[in-house]
Amino acid sequence: MTFAVFVVLFTAMTLAFEGFGTPLSSCYLLISYAHVGILAMGMTFVILSGGIDLSVGTVLAFTTVFIAKAVSVWGLSPWVAIPVALFLGAGFGGGMGFLIHQYKMPPFLVTLAGMFLARGLAFVVNIETISLSEHPFFRAVSSWKLYLAPASFTPRPFLKAEAIIFLVLVVFCLYLAHMRRFGRTVYAIGGSESSATLMGLKVARTKILVYAFSGFCAALAGVAFTFLNTAGKANMGIGWELDAIAAVVIGGTLLTGGSGYVLGTFLGVLIYGSIMTGVGDYSNLGSAGQRISIGVLLLLFILVQGLLPGAGKTRSS
Amino acid sequence: MLELRGISKTFPGVKALDGVDFTLRTGEIHALMGENGAGKSTLIKILTGVYSCDEGSMVLDGRPLNPDSPRTAEHAGISTVYQEVNLVPDLSVAENIMLGREPTGPLGGIRWRAIRERAEKALDRLGLSIDVQRNVSTFSIAIKQMVAVARALDLDARLLILDEPTSSLDDDEVDQLFTVLRQLQRGGLSIIFITHFLDQVYKISDRITVLRNGRQVGEYATPDLPRLELIAAMMGREVQEIEHLGGTITMADRGREQAEPFLKVRGLGAPGRVEDIDMEVNRGEVVGLAGLLGSGRTETARLIFGVERAASGTIEVEGEHVRIRSPRDAIRRGIAFCSEDRKVEGIIPTLSVRENLILALQGSRGPMRRLPREEQETLATHYIQALGIKTPTPETPIENLSGGNQQKVLVARWLCMSPQLTILDEPTRGIDVGAKAEIEKLVAGLREEGTSVLFISSELEEVVRSCERVLVLCDRRKAGELSGEEISEQNIMRTIAEYHEDTAR
Amino acid sequence: MKTLLANAIHSRIIWPLAGLGVLLLFNLLADIEFYRIEILEGDLYGPLITVLKQGSKIMLLALGMTLVIATKGVDLSVGSVMAVVGVLAAFLLRETGGNLAAALAGGIGVAVILGAFNGGMVALVKIQPIVATLIMMVLARGVAFLITGGLPIKVTDPAIRQLGQGHLLGLPLSLFVVAAFFLISVILTRRTALGLFIESVGDNETASRFCGLPTRLVKVMVYVFCAVCACAAGLVSIGFSGIADADKLGVLYELDAITAVVVGGTALTGGRFSLAGSLVGALLIKTMEITLIRQGMNPAYMPVPKALIIVAVCLLLSEAFRTQLAGLFGRRKVSA
Chain P
296 MTFAVFVVLF TAMTLAFEGF GTPLSSCYLL ISYAHVGILA MGMTFVILSG
346 GIDLSVGTVL AFTTVFIAKA VSVWGLSPWV AIPVALFLGA GFGGGMGFLI
396 HQYKMPPFLV TLAGMFLARG LAFVVNIETI SLSEHPFFRA VSSWKLYLAP
446 ASFTPRPFLK AEAIIFLVLV VFCLYLAHMR RFGRTVYAIG GSESSATLMG
496 LKVARTKILV YAFSGFCAAL AGVAFTFLNT AGKANMGIGW ELDAIAAVVI
546 GGTLLTGGSG YVLGTFLGVL IYGSIMTGVG DYSNLGSAGQ RISIGVLLLL
596 FILVQGLLPG AGKTRSS
Chain W
16 MLELRGISKT FPGVKALDGV DFTLRTGEIH ALMGENGAGK STLIKILTGV
66 YSCDEGSMVL DGRPLNPDSP RTAEHAGIST VYQEVNLVPD LSVAENIMLG
116 REPTGPLGGI RWRAIRERAE KALDRLGLSI DVQRNVSTFS IAIKQMVAVA
166 RALDLDARLL ILDEPTSSLD DDEVDQLFTV LRQLQRGGLS IIFITHFLDQ
216 VYKISDRITV LRNGRQVGEY ATPDLPRLEL IAAMMGREVQ EIEHLGGTIT
266 MADRGREQAE PFLKVRGLGA PGRVEDIDME VNRGEVVGLA GLLGSGRTET
316 ARLIFGVERA ASGTIEVEGE HVRIRSPRDA IRRGIAFCSE DRKVEGIIPT
366 LSVRENLILA LQGSRGPMRR LPREEQETLA THYIQALGIK TPTPETPIEN
416 LSGGNQQKVL VARWLCMSPQ LTILDEPTRG IDVGAKAEIE KLVAGLREEG
466 TSVLFISSEL EEVVRSCERV LVLCDRRKAG ELSGEEISEQ NIMRTIAEYH
516 EDTAR
Chain A
14 MKTLLANAIH SRIIWPLAGL GVLLLFNLLA DIEFYRIEIL EGDLYGPLIT
64 VLKQGSKIML LALGMTLVIA TKGVDLSVGS VMAVVGVLAA FLLRETGGNL
114 AAALAGGIGV AVILGAFNGG MVALVKIQPI VATLIMMVLA RGVAFLITGG
164 LPIKVTDPAI RQLGQGHLLG LPLSLFVVAA FFLISVILTR RTALGLFIES
214 VGDNETASRF CGLPTRLVKV MVYVFCAVCA CAAGLVSIGF SGIADADKLG
264 VLYELDAITA VVVGGTALTG GRFSLAGSLV GALLIKTMEI TLIRQGMNPA
314 YMPVPKALII VAVCLLLSEA FRTQLAGLFG RRKVSA
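Protein chains in written order, with the working numbering: chain P, 296 to 612; chain W, 16 to 520; chain A, 14 to 349.
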C-alpha cells in the first residue's frame, strides 16, 4: 500500500511542480535525506522488535560534534575518528538495550533519557559549531560526486557519499532482515515476545543488539551528515527521531512490532523526502505545510493500519 | 512410558497439587480432565519444566525426568501445544515451524528453500498441504494448531501435550484434528490431551485421568467409563465440612410463580458464545445456571450484562424490551454482574478496599455527585463486617488481600448497588469454606429483600442448596430446566449426560 | 508517630521531596546566595524566585500530564499545543489591536479542540497514546507555523507580559496561575469522583467499564485538561519572552513535563497519581537546573543530569533492579 501511495504522490508532485521528478532532483532527494533514511533503517529494526528509540537524533548530533572535534582539535585522522564514533554509537545503543531488557524498563523512558544524555554529552564535547569545510578529507568527500549518466545528459544526475552510504545500508538491512536469524528473531520478538521466548529464541541478545544497531545507524547518519554539511554541531537533530519514526510508520511498519518491511521504510523515506521537498521547496506552504502534510499522512496511515483486518495492533489494548 | 508419582506443588496460599499420580502408556492418547483450578495446567507445567515440583518423582522411558526449563523438556522429547497457540502471527507457516533452528548456509545466511521443504515435510506427516509461505495469521485456529503440532514434530517429540486444543474449533475441524492424532499415535507418539469436552474425550482417548482440587480422583479406561460416573468424578463431592453449613432454603419457598418475570430472555445468542438461550428470572427468585466448564454460563451472563453484544435474541426487563449494549445500560436497568475473572474484570489492584467497594455505586451516581467520605467508610465497614472480609484496614490496597477476600469485596461492590438482579459468576471460587457460607447466607438475604439472583457455579451443592430453579447448560445450549423438588445434584448431572448422549447420536 | 513515619515512607511523594530537600540542603551549605532575596519595587527577586518563575510553565504542563499518565496514556503534543496557543494569541492580539478577550478565547478554544482530538484518537479510535499524540505534535507545530507564516510575532500586550514576568504580592504572577490550576485540579479530582475514576481507568480499564464508569469520557477529558494546561503554559511563555516563535515555543517541553511527573511519583503504568508530587517533581528539576548553573555548569550540559534522574527513577521502580540490589545487601528492600 505504501508503494501505491508513493507512486501516486510522486507522480502528482512531478506534474504539479516544475523541476520535480527529474533524475537530478531525485538524486538530490536521496542525498538530502540520506541521514533521515539511515536513522530510519536502524529505527525499523527497533520498532519491529516492538520497541522505540528516541535517542537517534541526538546521537547523530553527538557524532557530528565528536568527529569534528576529534579531527580538527584533537588532530585525529578521520580514519580513526569515524570508526570510534560508530563504535560509541553502537555502545550507547547497546547500553540502553541492556537497561531495557535486563531491568524491564520501558523503552520510551530509557531512550528518552538517552536522548537527553546524548544531547548533553554533545555539548560537553563542544558547544559551538565546528566547521569541517577546511579539512582536506571532508572537503574531498563532500564534493565527490558519482555521476550516473554521461556528460551529455543534462541536467546530469549524480550521487554523493551520503546517498551511497544510505543505499548500501538499505541493501545490508534487507539482507539482515531476511537472510539472518537475527532479523527473523527481531520479527518474532515483535510479533509475540512470549511465543519467541517459549520457542527458545535468543531474545535477550537480540533485543540488546537491536538497540546497538540503532545507535550504530544514528552514528552512521551523523557521519553521513558531516559529509553533507561539513560541520559538527551539537545543537541539531532535534526531532529527527520523529522524522525517522514517521518514515518507518509510513513505510508500513506497525508500531506494535512484528510487522513491516525494510523496503517499506525505504519507500517511507522517499515519501517523506518528497513531501518535504515538494511542499517545502516547490509550493508556498513552507515549513507549516511540510509538517501538516507529514502529520496528516501519518494519521491516515495509522487509521488505515487500524482498519485493516487483523492489523488492529496500533490500537491500545 | 511416563510415570509421575506423588507430585505435589504448593504456591503461596494454595496447594495446587497434592500427591498426584499419573501414568501414560506408549502410543496412547490420554485425556487429562478437571474443572478450573483442579491442577491440570500446574501438572503440565511441572512436566514441561516451567515449574519444579516440591515432592514426587517423574520417570520418562525408565529414566528420571527433571526439566528445569521448557527447552530442556523439549530436548527430552516433550512438546507442548498450548491453547493460545504460541506462534508468531506475522511470520509465515514455514518460518514458525523452523523458528530458531533455521538451516543456514556457509556464511550464516538463511536458506529459505530448505525451510520451506522441511516445513512441508513436517506438515505432510500430518496430512496437511497448505501454502507454507503464507502468513500464519491468515489461517484458522485449526490450521494454526496443526502448525504448532508440526513444529513439535519437527523437534522429534515423543510425547505431545495438547492443552485445550479444541476450544476454538468447529466440529469438522475437531474431526480433522482427531484423524491426525490417531495417525500420529499409530506412528508411536504418545499424547496427553487436556480438555473439558466430554464427547471428544469419549471419541479420541484411550484412558482418562480426572483431577479435582489438586488430587487425582481416578484413572479410567475410556470405553469402560459411563458418562454419569465421569461427570460425578469431575464435579464430585466438596470437602465434608460444607455439610455443617446452615441456611438452606426450605422446600415451601420453592416454585413461586409470578405474573411478570423481571428478566425474560428469548433466543439469546452470539456466534462462538452461546446459542438460542431462553430464560426467565422472576422477582426475588434465585435461579441457578449450572453446567460444565465451557457450557456457556459465563457467556450468557456477559450477554445479559452487556459486556458483549448479542447477535440474536431478545432481552426484556420488567416487561419492557431493552437493548443492552454496555455494562452501563445493564446497570441502569438494575442488573449487576460479579465476574468470575476477578483479576481482569474485577479488582482495581492499587485502589483500596473501600474504593473498590463503592466504585460501582459511584459509577452509577456519575462523577459529580461524590459519595461523602463518611458514607463510603460506613458502607465499607458494614460490608467488611457482614462478609467477614479480612483486611488490615479499609484503606489497604485490594491487591494485598487474598483471593477469597478480594472476591468478597467484589460481591460487596454489587450488593452496595441494591440491584434488582444480581448475577454472581462463580462467587465462591477460591474462597474458604466459612466465607462460602456467608455468601450463601447473603444470597438468601437478597431473596428475602426481593432481589433476584442469577447464580452461576460449578459447585453443584451450592446450586442445589441456594436455587429455586436451575437452568442446565451444555455445550453452549440450554440442556434443560429443573425447578423445586426436581433440583438435585443427580438430576443436574443426569440432564447433562442425557443431553450429551442425545446430541452424540 | 511511628505510623506517621511509616505512612510517610510508603507515600510516594516522600522521594521527590527528599530529593528536593537534598538540593536545598546543598545550597544551604555550599551556596547560601541561592537563598538571597532582593526586593525591588516591592517585588521579590533572587534565584529561588527564578526557580518559581521559570518553573511555572513546567508545573502547569506537569499538572495536565499527570492526569493523562494516570490513565495509562501520555501526551507528547503539549509542547506543540503551547506553540499553537501562544502563536494564535499573539496573532489575534496583533490583528485585533489588543483585544485580550479574543486572544484568550482563541487560545483556550483551540486548546480544547486539540485536546478533544487527542482524546478522541485515544479513546474512540483506540490509537496508542504515543502514536496519537505524536501525530498531534507534528500537526500542531505545523498549524503554528501556518499562523505565523514563519516569522515570530512580537507580543507587547501588557496583560500577557505581566503574566509571564509580572509579580503579585511580591511573588511571580505565573506562580499564582500555577496555584490556581493546582487548586482547580485538586478540586476536580478529589472533591468529585473524577480522581477516583481516573485512577480506576488507568489501573484496570476493563474492570472500570464493568462497574459502569464512563471510561471513554474520562479519557477524553484528561486530554482536554492537559491541553488547557498547555494553553496556560503557552500564554505564560509568550508573556515571559515577549515573542511568539513557532519554531522555538514549547520545543522539548513535553519531555520535561513527563520527567516531572515520573519523578513526582506517578507511574507510567497508570493508576494512582499525585498532582502535588508532579509539582514537586517540576520544582526539583528546575532547582537542580538553577543550582547546577550557579555552580558553574554550562547550561548546555543540562540534559545530562536530567537523563540521569530519569534513569535513576526508572531503576528504582524496576522490580528486577530492586531484587538485584536486595540480593547484594542480603535482605529485602522496602519498595519505593
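Beta carbons: idealized from backbone N, C-alpha and C, even for Gly.
With burial defined as no fewer than 16 other Cβ atoms inside 10 Å of the residue's Cβ, what is the status of residue i: buried or exposed?
i, result
"Leu341 of chain A", "exposed"
"His336 of chain W", "exposed"
"Gly77 of chain W", "exposed"
"Pro238 of chain W", "exposed"
"Thr437 of chain W", "buried"
"Glu423 of chain P", "exposed"
"Pro409 of chain W", "buried"
"Pro434 of chain W", "buried"
"Thr393 of chain W", "exposed"
"Trp374 of chain P", "exposed"
"Leu334 of chain P", "buried"
"Asn311 of chain A", "exposed"
"Ser182 of chain W", "exposed"
"Gly162 of chain A", "exposed"
"Gln600 of chain P", "buried"
In this structure, how does DSSP classify residue i when only helix, strand and coil are distinguished?
i, result
"Cys239 of chain A", "helix"
"Lys334 of chain A", "Reading off the sequence shown, one finds Phe at residue 334 of chain A, where the question assumed Lys. Helix."
"Thr146 of chain A", "helix"
"Leu181 of chain A", "strand"
"Glu132 of chain W", "helix"
"Ala507 of chain P", "helix"
"Asp186 of chain W", "helix"
"Ser107 of chain W", "strand"
"Val81 of chain A", "helix"
"Glu290 of chain W", "strand"
What in chain P is Cβ-close to residue i, meaning under 9 angstroms?
i, result
"Gly49 of chain W", "The premise fails here: Gly49 of chain W is roughly 24 angstroms from chain P at the closest Cβ pair, so nothing lies under 9 angstroms."
"Gly123 of chain W", "Met474, Arg475 and Arg476"
Pull up the distance between the alpha-carbon of residue i and that of residue j, whole angstroms please.
i, j, result
"Glu455 of chain W", "Ser481 of chain W", "7 angstroms"
"Met73 of chain W", "Val543 of chain P", "51 angstroms"
"Arg586 of chain P", "Ser287 of chain A", "35 angstroms"
"Val366 of chain P", "Ala514 of chain P", "16 angstroms"
"Leu122 of chain W", "Arg476 of chain P", "12 angstroms"
"Ile566 of chain P", "Pro142 of chain A", "24 angstroms"
"Ile223 of chain W", "Met249 of chain W", "11 angstroms"
"Thr41 of chain W", "Arg340 of chain W", "52 angstroms"
"Val190 of chain A", "Ala83 of chain A", "23 angstroms"
"Arg149 of chain A", "Gly390 of chain P", "For the sequence presented, residue 149 of chain A should be read as Met rather than Arg. Approximately 31 angstroms, taken between the alpha carbons."
Show which residues of chain A have a CB atom less than 9 angstroms away from the CB atom of residue i.
i, result
"Ile533 of chain P", "Val264 and Leu265"
Can you pull the chain W residues whose beta carbon is under 9 angstroms from the beta carbon of residue i, in chain order?
i, result
"Leu558 of chain P", "Ordered by position in chain W, no residue passes the 9 angstroms Cβ test against Leu558 of chain P, which lies about 15 angstroms from the chain."
Mind listing the chain A neighbours of residue i? Cutoff is C-beta to C-beta under 7 angstroms, in chain order.
i, result
"Met383 of chain W", "Thr205"
"Tyr398 of chain P", "Leu328, Ser331, Ala333 and Phe334"
Select from the options the residue whose C-alpha is nearest the C-alpha of residue i.
i, options, result
"Ala273 of chain A", "A:Leu265, A:Ala259 and A:Leu292", "A:Leu292"
"Pro401 of chain P", "A:Thr336, A:Leu330 and A:Ala339", "A:Leu330"
"Thr79 of chain A", "A:Ser198, A:Leu61 and A:Leu176", "A:Ser198"
"Ile540 of chain P", "P:Thr306, P:Met336 and P:Leu454", "P:Met336"
"Gly332 of chain P", "P:Leu562, P:Met410 and P:Ala444", "P:Leu562"
"Leu184 of chain W", "W:Ala165, W:Glu476 and W:Ile158", "W:Ile158"
Does the Cβ of residue i lie closer than 7 angstroms to at least one heavy atom of the ligand GTP?
i, result
"His397 of chain W", "The ligand GTP is not part of the structure shown, which contains no ligands of any sort."
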